[in-house]
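K.L.:
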Amino acid sequence: MTVANINTNHEAQIRQLISNQQRAICAKDVDQIMSHYANEVILFDVKPPFQTKGKDAVRQIWEDCLPYFPNSFEMETRDLTIAVNDNLATAHWLFHFTGEQDHPAMKMWLRATAVYQKNQGNWQILHEHISVPFAPETSQAVFTLNP
Numbered sequence: 569m570t571v572a573n574i575n576t577n578h579e580a581q582i583r584q585l586i587s588n589q590q591r592a593i594c595a596k597d598v599d600q601i602m603s604h605y606a607n608e609v610i611l612f613d614v615k616p617p618f619q620t621k622g623k624d625a626v627r628q629i630w631e632d633c634l635p636y637f638p639n640s641f642e643m644e645t646r647d648l649t650i651a652v653n654d655n656l657a658t659a660h661w662l663f664h665f666t667g668e669q670d671h672p673a674m675k676m677w678l679r680a681t682a683v684y685q686k687n688q689g690n691w692q693i694l695h696e697h698i699s700v701p702f703a704p705e706t707s708q709a710v711f712t713l714n715p
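Take the sequence shown: its position 40, counting from 1, is numbered 608 in this note's numbering, and each next residue is one higher.
(1) For a quick check, are the C-beta atoms of Ile-693 and Ile-582 less than 8 Å apart?
(2) Could you tell me how far apart the beta carbons of Leu-611 and Val-598 are, in whole angstroms, since I believe they sit closer than 8 Å?
(3) Could you please give me the residues that DSSP links to Glu-644 through a beta bridge?
(4) Rank Lys-623, His-671, Ile-629 and Asp-624 by C-alpha distance to the C-alpha of Pro-617 and give the top, closest one.
(5) According to the neighbour-count rule (16 or more other Cβ atoms, all chains shown, within 10 Å of its Cβ), is Thr-666 buried or exposed?
(6) Taking the beta strand (DSSP E) that Glu-608 belongs to, which residues open and close that run?
(7) Check this for me: beta carbons of Pro-638 and His-671, under 8 Å apart or not?
(8) Between Asn-653 and Gln-685, how many whole angstroms is the CB-CB distance? I'm expecting something under 8 Å.
(9) For Asn-689 and Phe-663, I'd like the C-alpha separation in whole angstroms.
(10) Where does Lys-686 fall in DSSP's three states?
(11) Closest to Gly-622 by C-alpha separation, out of His-604, Pro-635 and Thr-712, would be which residue?
(12) Following the continuous alpha helix (DSSP H) through Ala-625, name the residue where it begins and the one where it ends.
(13) Can you tell me whether Thr-658 is helix, strand or coil according to DSSP?
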């Protein structure tokens, strides 16, 4: 198998992991969400703290925030870009939640960047960074931008 074929296969695996993670989030399945993270994961989320270290702490973040999501929603992804080698991959994309139009979570696009590491043949999320842009002149997050 050539390097190009290996990288194409790895990229397909990362795309599938992202898709599986999004399905787990939409199902509010914390166990399935957590199955995609490495034990030593570091999360930079849109809400405090500045960083969350380790799988147990990330689980707590998900358990705390999922009740605020609507009962039923989907995720739309745009501009997914993946760079991959044998054991390390990065991806970045834009996403938003779709569903109940009047729910606050449906009104904003977010940015995601993730680093994946292959561990015992399986890709896992080693680092995840979710953000929204901000307006420096007001020091306020900008929730109304659309890509």
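The C-beta atom is built at its ideal place from N, Cα and C for all residues, glycine as well.
No experiment lies behind these values; they were computed from the predicted model shown.
P.N.:
To lay it out plainly:
(1) no
(2) That belief does not hold up - the Cβ atoms of Leu-611 and Val-598 are roughly 14 Å apart, past 8 Å.
(3) His-664
(4) Ile-629
(5) exposed
(6) 605-612
(7) yes
(8) Incorrect: roughly 11 Å between the Cβ atoms, too far for contact.
(9) Correcting the residue type first, residue 689 is Gly in the shown sequence and not Asn. If I take the Cα positions, the gap works out to 28 Å.
(10) strand
(11) His-604
(12) 623-633
(13) strand
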